[in-house]
């Protein structure tokens, strides 16, 4: 029986990025952008990468675009990763609660929802959160 659990924020974020880029069915249309391969975790969280909507089959990381394609940002802390949902904060909160991930609102304008992925096993559960982002952001 395995008693160790993965509680390294950078590694958790890497696993999540791998799931996003490799999941061509449920997360089709989302990809990783602006990944920092040398990101160092901080207590407040360091930006590791953005999750963006693809446009015309290719990622659009152009901040000058008419609408920002960012749907979420992933930050790393020493012992966990944090997803900040930019799009569909209410749907994300519901999805996170359904899969037993810790979630809380972030009081900013526009509002965001924070989802905490505290171990490697939580990465698979976090996919439901990203599915909610994808579904809701496609409805815009």
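In the working numbering, the protein residues as written are 17 to 156.
Cβ coordinates follow ideal geometry from the N, Cα and C atoms, glycine included.
To test your reading of the DSSP string, which unbroken beta strand (DSSP E) runs of 3 or more residues are found completely within the region 31–95?
Complete beta strand (DSSP E) runs here, min 3: 46–49, 62–71 and 86–93.
Out of 142, 101 and 111, point me to the one whose CA is closest to residue 125's CA.
That would be 101, whose Cα lies nearest to the Cα of residue 125.
Which of the three DSSP states is assigned to residue 100 in this structure?
Strand, per DSSP.
Judging by CA-CA distance, which residue of 94, 123 and 42 is the nearest neighbour of residue 105?
Here the closest residue by C-alpha is 123.
Pull up the distance between the alpha-carbon of residue 98 and that of residue 90, whole angstroms please.
Taking the straight line from one Cα to the other gives about 6 Å.
How big is the Cα-Cα spacing for residue 141 and residue 52?
Taking the straight line joining both Cα atoms gives about 23 Å.
Report all residues from its chain with a CB closer than 6 Å to the CB of residue 120; omit the five preceding and five following residues, and keep chain order.
Answer for residue 120: 130, listed in chain order.
Which term fits residue 38, buried or exposed, when burial requires 16 or more other beta carbons within 10 angstroms of its beta carbon?
It is exposed - the Cβ of residue 38 has fewer than 16 other Cβ atoms within 10 Å.
Tell me, which residues are paired with residue 133 by DSSP?
BP columns for residue 133 point to 97.
Per DSSP, what kind of secondary structure is residue 124 in: helix, strand or coil?
Reduced to three states, the DSSP call for residue 124 is coil.
Does the separation of the CB atoms of residue 107 and residue 152 fall below 7 Å?
Yes.
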